[in-house]
Amino acid sequence: MDGLVVVDGVDTAARAALLHDVVAELPGCPRLLVVGRRPLRSWAGWTGSGVVTVPLDPLPGHAVDALARAAGITEPETRALVVRLAGGVPLLAAAACRAVHAGASPGTPGAVADRIAEELVQRLAHELPGRRRQHALRLLATVGAADEKLLGGGPELFAALGRLSVVAPAPSGLTLREPYRHVLELAYRWRRPTAHRAAAERAAAYRRELLTEAVTSAEQAELTEQGLFLTGDPELRRALFPPLESAARIGPAREAEADDIGRLMHAWALRGGFATRRALHLTERWVAHGVSSFHVARDREGRPVGLAGLLPISERTADGAEPLLQQYTGAVVDRGDDGALLLGAAYCPDPATHARLLRHILRRAVAARHLVVSTASPDYQALVRTLGFRPHGSLRDDIYRCGRRPEVYSNDFTPAALPWWLRRLGAEPAAGPQEETVADVAWALSRIRDPGALATSRLVGSPATPTVSALQAWLYEAVLELGTAEEQADAEAGAILQSYYLGRAGNHHRVATRLHLSRATYFRRLRRGLEVLATRLASTGRRT
């Protein structure tokens, strides 16, 4: 048989098996172009058959805009909506155009998304029969990722969803691929806003519960990322979770990529309006500590397309950190957080890969337990403020000669701090006045020997702790008093606070081992101790 046979829609095991049987009956050896949302080799019978997989990247925005124009969408604002909802997928772009022509108002994106979602679910009907599974798909889109318990419906439903071509496995369960997830969630939020909000809040509470029991930094990082997604904050969604997919992979830079680091840092300087000579001089100081201080985003072919400068904070790297920290260098470097990171640069022109790079930075911060950010970019300054990082202030000098002095921010990513941080970022109302103080108490305890850092604490100036020395004294007395409590749980909580914050224990694992506590019990007691101190501080302030 001459020519090329094109087969579209091979998205199920049944269709792949049928195609295999048909090809076996054809005379000769036809050339096939098979189109599907999964690689043909993922289906039984096709492994090792000489199949070549050619992944297709999403269409760029201007190409989707051209498709919308060809479909009769004349208003630029409406075409922009089509581009946002399509996420580079022609199927979704065409469905969005049909939705607009059918009367869905472009001023109500949820209504347009609802029409697209209806078409999408209909096309998935041969993979996803039944209304029950359709609802589960909508729930999965809302929570971002779900294990069997969070999804509900039992193992059969979980397995059925996992076989869908638009669903992928993730460390925290199943997840919907973008931009399908975004469209389905937007439609659900438009149809049933109360149910949508309740589902997100339940998932957020479940993630925080798992986070208090997570053992490894990888588990903590995954749950933290899910918690950030579930805050629903539109700024965080735009920066960290855009409705786009990226095939990039991110990891420490290699020695052979030194020239690529220089090229990307030059582009970073140009985008930020920085003096390129100054930026490249700083790059040389960072590279002197090893190219692995840079983490590189690589595209499908392995080419570097973005990077983040993540310098480990220690006395050894103080000379590289000093230009970015200046008057804050001593307070940061002398904290004794070995492995803590300083973020000095992040750059990637592709929005989807840039978001993945930012999430990678936060994952590294969870592993390091502390992240310091020095940035002169108004966009990054706005992002770290949205993330609730603690502002330290501006540097003395305009080091990039851009008319803006860099600002320094920091945030703790310890296991004890993470649940409180996520709760503070989320829309969940505080259970009491002490909730607002717990994170501040943990932060102050971690810096109790550093008067300079404590001077920036929100606790200084309260009626109970009007000065830095008063705050130090109050924290010491409160921890020691808690350790002598009659109730065993409180006494254990006090012993943990005393060992970890006031002593020289080093890390949580060492303290838990010395006190003969399981990891789960240890973090529950640690949380209890911080809550008790926050409550006492609030009540002491009211009595004064």
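Position 331 of the sequence shown, counting from 1, maps to 829 under my numbering, and the rest follow consecutively.
Glycine is no exception: its CB is placed at the ideal position from the N, C-alpha and C atoms.
Cβ neighbours of residue i in the same chain (closer than 7 Å, five flanking residues each side left out)
i       : result
Ala568  : none
Cys846  : Ala795, Val803, Gly804, His852 and Leu855
Pro740  : Pro849, Ala850 and Ala853
Pro750  : Ser790 and His793
Asn1005 : none
Ala929  : Because the pLDDT at Ala929 is just 46, under 50, the model does not fix this residue reliably, and the value given afterwards should be weighed accordingly. Around Ala929: no qualifying Cβ.
Ser715  : Val864 and Ala865
Thr774  : His764, Ala767 and Leu768
Status (buried if at least 16 other CB within 10 Å, exposed otherwise) for residue i
i       : result
Ser875  : buried
Thr692  : exposed
Asn909  : buried
Arg862  : buried
Val713  : exposed
Val794  : buried
Leu554  : exposed
Ala514  : buried
Leu1031 : buried
Arg736  : exposed
Glu782  : exposed
Gln986  : exposed
Identified DSSP bridge partners for residue i
i      : result
Pro667 : Leu672
Tyr907 : Val871 and Pro889
Gly804 : Ala795
Tyr845 : Leu805
Val549 : Answer by DSSP bridge pairing: none, since Val549 is not bridged.
Val505 : Val532
Ala644 : Leu672
Ile748 : Ala795
Pro810 : Leu839
Whole-angstrom distance between residue j and residue i, CA atom to CA atom
i       : j       : result
Gly1027 : Arg921  : 18 Å
Ala937  : Ser1016 : 23 Å
Gly601  : Val664  : 27 Å
Val870  : Val533  : 46 Å
Pro931  : Thr1033 : Low confidence applies to Pro931: its pLDDT is 42, below 50, so where it sits in the model is not reliable, and the reading given next is rough at best. The straight-line gap from Cα to Cα measures roughly 8 Å.
Leu978  : Leu626  : 59 Å
Glu723  : Leu881  : 15 Å
Ala983  : Ala829  : 34 Å
Ile811  : Leu840  : 6 Å
Leu995  : Pro669  : 32 Å
Gln620  : Trp919  : 40 Å
Arg894  : Gly807  : 22 Å
Arg857  : Thr873  : 17 Å
Arg747  : Glu720  : 16 Å
Ala786  : Arg1008 : 33 Å
C-beta atoms of residue i and residue j nearer than 8 Å
i       : j      : result
Leu662  : Leu655 : no
Leu742  : Gly585 : yes
Thr572  : Pro604 : no
Val581  : Val562 : yes
Leu1024 : Ala914 : yes
Leu822  : Pro904 : yes
Leu809  : Gly842 : yes
Ala639  : Tyr704 : no
Pro917  : Arg706 : yes
Pro537  : Val587 : no
Gly760  : Leu778 : yes
Glu612  : Trp688 : A small correction: the amino acid at residue 612 is Asp; Glu does not occupy that position in the sequence shown. Their beta carbons are under 8 Å apart, which means Asp612 touches Trp688 by this criterion.
Val681  : Leu565 : no
Leu524  : Leu502 : no
Residues near residue i by beta carbon distance below 6 Å, same chain, minus five either side
i      : result
Phe727 : Gly642 and Phe739
Residues near residue i in its chain [Cβ-Cβ closer than 8 Å; skip 5 each side]
i      : result
Thr551 : Pro537, Leu538 and Arg539
Leu952 : Ala942, Arg945, Ile946, Val958, Val966, Leu969 and Gln970
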